[in-house]
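Right, one structure below, let's go through it.
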Amino acid sequence: MSVVVEHSRHAAPAEKMTVMGRHRLGHDDFRLLFVCTGNICRSPFAEILTRHLLIGRLGGRAAADFDIRSAGLRAVVGHQMHPDTRDELMPWRLDGAAAERFTARQLRSSMIRAADLVLCASRRHRSAVVEREPAALATAFTVREFARLVEGVDPGALPLHPVQRAHAVLIAARDRRGIVPPVPAEEDSIPDPMGKSLDAHHEAAARITASVQVIVDVIAPRHQSVAR
Numbered sequence: 020m021s022v023v024v025e026h027s028r029h030a031a032p033a034e035k036m037t038v039m040g041r042h043r044l045g046h047d048d049f050r051l052l053f054v055c056t057g058n059i060c061r062s063p064f065a066e067i068l069t070r071h072l073l074i075g076r077l078g079g080r081a082a083a084d085f086d087i088r089s090a091g092l093r094a095v096v097g098h099q100m101h102p103d104t105r106d107e108l109m110p111w112r113l114d115g116a117a118a119e120r121f122t123a124r125q126l127r128s129s130m131i132r133a134a135d136l137v138l139c140a141s142r143r144h145r146s147a148v149v150e151r152e153p154a155a156l157a158t159a160f161t162v163r164e165f166a167r168l169v170e171g172v173d174p175g176a177l178p179l180h181p182v183q184r185a186h187a188v189l190i191a192a193r194d195r196r197g198i199v200p201p202v203p204a205e206e207d208s209i210p211d212p213m214g215k216s217l218d219a220h221h222e223a224a225a226r227i228t229a230s231v232q233v234i235v236d237v238i239a240p241r242h243q244s245v246a247r
């Protein structure tokens, strides 16, 4: 069974982290923020799964250098994950407490400024993030867009240290924006499963999983894996 290292939702609050992510190159941590609408389906699933995968690859100590959080544009503040989305985490055999302890929070401008990378569920969410904090134009992507951009990055050109590698991957993705052919908006989005069928929750989780696995593979290659 995996041991999941969970950052406290109250420790080192993002509201106190005001250094814009793009100015933090060379720092000894990497701050990743996932954004959706209510913060009870897509973004918490992405947060918890990404943390779990990084721990599996790097071990708890190294993975703790990645501060992974999520928030919603119109969050159902204080609510837990939607049970149908939470059930999609079960095949990963992670510590159920990670999902049980999760509570939704409202996106704040300070969270955007604090993040090195903001990954959004759709282009609409990304536009809202950039409208709120224009400097996030350099740090905000959709989850699926970022996965497309980093999939073609030369792994041999990246640093070995995971945090340094993550910062370098972000720069590479930004540089590839004008090189990788664009796709229709729906291909860069993860549909909101809220109020829909179990199949909708499964489809959203599958899309997130596919993208997150690509991103983690680039940041923490399999040759760095530890036993799960």
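Under the numbering used here, the sequence shown has 169 at position 150, and the numbering climbs by one with no breaks.
Using N, Cα and C, we set each Cβ at its ideal position, and we do this for glycine too.
Per-residue burial, residue i [other beta carbons within 10 Å of its own, 16 or more giving buried]
i	result
residue 150	exposed
residue 109	exposed
residue 116	exposed
residue 176	exposed
residue 119	exposed
residue 59	buried
residue 71	buried
residue 229	exposed
residue 204	exposed
residue 180	exposed
Whether residue i touches residue j by CB criterion (7 Å)
i	j	result
residue 136	residue 189	yes
residue 234	residue 166	yes
residue 237	residue 169	yes
residue 155	residue 131	yes
residue 90	residue 124	yes
Nearest to residue i (by Cα), restricted to the options the options
i	options	result
residue 141	161, 111 and 148	161
residue 211	202, 221 and 203	221
residue 196	119, 49 and 172	172
residue 143	56, 174, 48 and 97	56
8 Å Cβ shell around residue i - same chain, five flanking residues per side excluded
i	result
residue 42	Because the pLDDT of residue 42 is 47, which lies under 50, any placement of that residue in the model is unreliable, and the number read from its coordinates should be weighed accordingly. Closer than 8 Å at Cβ, skipping near neighbours: no residue.
Checklist entry - Is there contact here, the stretch 61-70 with the stretch 87-106, by at least three beta-carbon pairs under 8 Å? => result Because the criterion of three Cβ pairs below 8 Å is met, the stretch 61-70 and the stretch 87-106 touch.
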